[in-house]
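Here the structure is laid out as structure tokens; the discussion comes afterwards.
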Amino acid sequence: MKILNLNDGDTISYHLPLFIGDLELCCQGDVTVWNSSCKKTNKIEWPIVDGRFKALVKLVCGKNLICIEWGSELLTLTLFFHPPLFRHYVRPVYIICSDDDGYFQGPDDEDCSPQCAQEKITLAAMLIQSFTAEKCQNMDFKELHSSLSMAKTMNQVVKYSKVN
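For the sequence shown, the working numbering gives the first residue as 9, with consecutive numbering after it.
Below, the structure is given as structure tokens:
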């Protein structure tokens, strides 16, 4: 098993890198990927198609130990995440009218709270940043430096704003 687009010891300036992997055998199934440096990590399964896989992993500031497991094979990569420090950044805003509770429309069995909206918008912003970085790399640009405005917990990108 090998990762095609990232190397052990790389330093990354965005939160959610895309891992593109190749298994020497043309196989199907799933790989399990997780960040063992993150206390609240989830092991996520990603499908293998024609011996290749793509996976996203959320990074924490500093050193990240990424584990990729397929069958009895385990690959570990160390990545370093250092967000760029810019005066200018992108800050998504979730606007809630002053006479509204902030809940959005959705299925009855789904969480439609303002916190859920914030999490969804945060993930969308991180995905845009990741895919832009990947495309820039594919086009032989040296690096992408973009910055999302993050709260101190590194989990919140979106700012709530009540308007009248």
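Ideal Cβ positions, reconstructed from N, Cα and C, are used throughout, including at glycine.
- request: Would you mind giving the Cβ-Cβ distance between Ile56 and Val65, rounded to the nearest angstrom? I have them listed as a contact below 8 Å.
  value: The beta-carbon separation of Ile56 and Val65, rounded to 16 Å, does not stay under the 8 Å limit for a contact.
field: Residue range of the unbroken alpha helix (DSSP H) whose run includes Cys144
entry: Element bounds for Cys144: Pro122 to Asn146.
task: Consult DSSP for Asn163 and reduce its assignment to one of helix, strand or coil.
output: Because Asn163 carries a pLDDT of 47, less than 50, the predicted location of this residue cannot be relied on, and the following value inherits that uncertainty. Of the three classes helix, strand and coil, the one that applies to Asn163 here is coil, per DSSP.
task: Would you kindly work out how many angstroms separate the C-alpha atoms of Lys47 and Ser21, rounded to a whole number?
output: Going from the Cα of Lys47 to the Cα of Ser21 covers about 21 Å.
Supposed contact pair Trp54 and Val68 - C-beta distance, whole angstroms, cut 8 Å: About 20 Å; that fails the 8 Å criterion.
- prompt: If you compare alpha carbons, which of Ser45, Ala132, Asn13 and Asn146 is closest to Phe88?
  reply: For Phe88, the closest of Ser45, Ala132, Asn13 and Asn146 by C-alpha to C-alpha distance is Ser45.
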